[in-house]
Amino acid sequence: MKFITEIDLRDLYRKEPFTTYELEPGVRLTPGARQFLMDMGIKMSEESSSKKVDIKKVADENVPSEKTSIEKNKSLKDKKLYNRMKSIEALFLLTGEELLRRDVFLSQSVINLARYFTEIKKGFKDGRISVENLNCSECTGINKNNFCDDLEDCFEITEFHMQLERGREIIILHNLRCALKEFQVFLLELCEEINGKNQIYDEIIKKVNQIINTLSQLICSIFGGTKCQRKS
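Put into structure tokens, the structure is as follows:
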């Protein structure tokens, strides 16, 4: 099978302009070549039945290759997302390890969130997010109705918090929370790139929001004890 490209047609047109084009048996046009004929208003010759060309059929023959390209692109995006999730998973472990020397119970809370995130990662790899929602301990600003939403931080972390007795724990948790929020934006950008909604991506975003909001509650508990610091 021989393919005629847009460059071939342009060279032919420069040598001698033409208004119709006869396609020989066993020859096909590339998508670019077909577009060139359409742009120039050049008609395909259908004088001989042996030379009839079904433009739609030719286009359909190119669909598999275009589909393959789309699938390959999706595969690369999924691989990129999976590797990003592994990086977040490693950050969870680092956070838990550092907190272990300061507060065993707080460290365990982070490790529990790490395990939850690992289940999300496994679900993504398997093509189905089946992990259940985290338990929501309702407070002034976070409840079951908004637990899956993208909420603002309860309060801004500044150099003031660095000076507190447990300031380092607050900053360590805030660092993890920021990384998860960046991951969330990364997911939203992927959704835009594929020009539509992706059910798995949407589920991951909701689950990640739950983790972020849980971290916000942990930070509040360190700073203000049992009192919620979120401004209503």
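If you're matching positions, the sequence shown starts at 25 in my numbering and goes up one per residue.
We treat Cβ as the ideally placed atom computed from N, Cα and C, and that holds for glycine.
**Message:** My output table needs one value for residue 67: the three-state DSSP class, helix, strand or coil.
**Reply:** Counting from 1 along the sequence shown, the entry for residue 67 is found at position 43. The answer is strand: DSSP assigns residue 67 an E or B state.
**Prompt:** Whose C-beta lies closer than 8 Å to the C-beta of residue 208 among residues of the same chain, with five residues either side of it excluded?
**Reply:** Here the question's residue 208 lines up with position 184 in the sequence shown. Taken in chain order, the residues that qualify are 174, 229, 232, 233 and 236.
**Message:** Check this for me: beta carbons of residue 163 and residue 244, under 9 Å apart or not?
**Reply:** Translated into positions along the sequence shown, residue 163 becomes position 139. Translated into positions along the sequence shown, residue 244 becomes position 220. Cβ distance < 9 Å, so residue 163 and residue 244 count as in contact.
**Message:** Buried or exposed for residue 43, going by 16 or more other Cβ atoms inside 10 Å?
**Reply:** By one-based count along the sequence shown, residue 43 stands at place 19. Residue 43 is exposed by the Cβ-count criterion.
**Request:** In angstroms with no decimal places, state the Cα-to-Cα distance between residue 190 and residue 157.
**Result:** Numbered from its first residue, the sequence shown carries residue 190 at position 166. Numbered from its first residue, the sequence shown carries residue 157 at position 133. Approximately 29 Å, taken between the alpha carbons.
**Request:** Sort 49, 47, 48 and 37 by Cα distance to residue 63 and report the nearest one.
**Result:** Counting from one through the sequence shown, the residue named residue 63 turns up at place 39. For the residues 49, 47, 48 and 37, the minimum Cα distance to residue 63 belongs to 37.
**Message:** Per DSSP, what are the beta-bridge partners of residue 140 in this structure?
**Reply:** Counting from one through the sequence shown, the residue named residue 140 turns up at place 116. In the DSSP secondary-structure assignment, residue 140 is not bridged to any residue.
**Asked** Where does the unbroken alpha helix (DSSP H) through residue 210 begin, and where does it stop?
**Response** Here residue 210 is taken as the residue at index 186 of the sequence shown, counted from 1. Its alpha helix (DSSP H) spans residues 191-217.
**Message:** Quick check on residue 104: does DSSP put it in helix, strand or coil?
**Reply:** Numbered from 1 along the sequence shown, position 80 holds the residue referred to as residue 104. Reduced to three states, the DSSP call for residue 104 is helix.
**Message:** On the DSSP bridge list, what partners appear for residue 128?
**Reply:** On the sequence shown, residue 128 is found 104 positions in, with the first residue counted as 1. Its beta-bridge partners do not exist; DSSP assigns none.
**Request:** Just the C-alpha distance for residue 100 and residue 215, rounded to the nearest angstrom, thanks.
**Result:** Numbered from 1 along the sequence shown, position 76 holds the residue referred to as residue 100. Numbered from 1 along the sequence shown, position 191 holds the residue referred to as residue 215. The straight-line gap from Cα to Cα measures roughly 14 Å.
**Asked** Looking at the structure shown, is residue 228 part of a helix, part of a strand, or coil, going by DSSP?
**Response** Position 204 of the sequence shown, counted from the start, is the residue given in the question as residue 228. It is helical.
**Item:** Candidates 112, 239 and 127: closest to residue 159 by CA position
**Value:** Here residue 159 refers to the residue found at position 135 of the sequence shown. Ranking the options by Cα distance to residue 159, first place goes to 239.
**Strand pairing of residue 45, partner residues [DSSP]** = The residue you call residue 45 lines up with position 21 of the sequence shown. In the DSSP output, where bridge partners are listed per residue, residue 45 has 68.
**Item:** C-beta atoms of residue 135 and residue 148 nearer than 9 Å
**Value:** The residue you call residue 135 lines up with position 111 of the sequence shown. The residue you call residue 148 lines up with position 124 of the sequence shown. Contact: no.
**Item:** Neighbourhood of residue 161 by C-beta, 7 Å cutoff - its chain only, sequence neighbours within 5 removed
**Value:** Numbered from its first residue, the sequence shown carries residue 161 at position 137. If we look at residue 161 and ignore the five residues flanking it on each side, its Cβ neighbours are 241.
**Message:** Quick check on residue 31: buried or exposed, where buried means 16 or more other Cβ atoms within 10 Å of its Cβ?
**Reply:** Translated into positions along the sequence shown, residue 31 becomes position 7. Residue 31 should be labelled exposed.
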